[in-house]
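What follows is a set of notes on a single structure, which appears directly below.
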Amino acid sequence: MIVIAGVLLGIVYGGWTARRRGGKGADMAQWAAVHAMLFGVIGLFLTLILDRMLLN
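Residue numbers (our numbering): 1364 to 1419.
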């Protein structure tokens, strides 16, 4: 669930950042994709860390 939330948050944040900088549709899509991947990986590691802490 944390990974999915991270991806969705990354899409929103990336699109917002590109729009704020005056980007067109393709720019917003690229920024959204990059931020979605980045936040998804962060969410994955956070999930793994929490899983290890709670199961030990």
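Positions of the beta carbon are idealized from the N, C-alpha and C atoms, including for glycine.
Source: prediction; values computed, not measured.
| Query | Result |
| --- | --- |
| Let me know if Gly1388 comes out buried or exposed under the rule of 16 or more other beta-carbons within 10 Å of its beta-carbon. | exposed |
| To the nearest whole angstrom, what separates the beta carbons of Phe1402 and Gly1378, a pair I think is in contact under 8 angstroms? | About 13 angstroms separates the two Cβ atoms, so there is no contact after all. |
| Should Val1366 and Leu1411 be called a contact, given that it needs their Cβ atoms to be closer than 8 angstroms? | no |
| Near Ala1381, which residues of its chain fall below 6 angstroms by C-beta distance, leaving aside the five closest residues on each side in sequence? | Asp1390, Met1391, Trp1394 |
| Mapping the DSSP letters down to three states, classify Arg1384 as helix, strand or coil. | coil |
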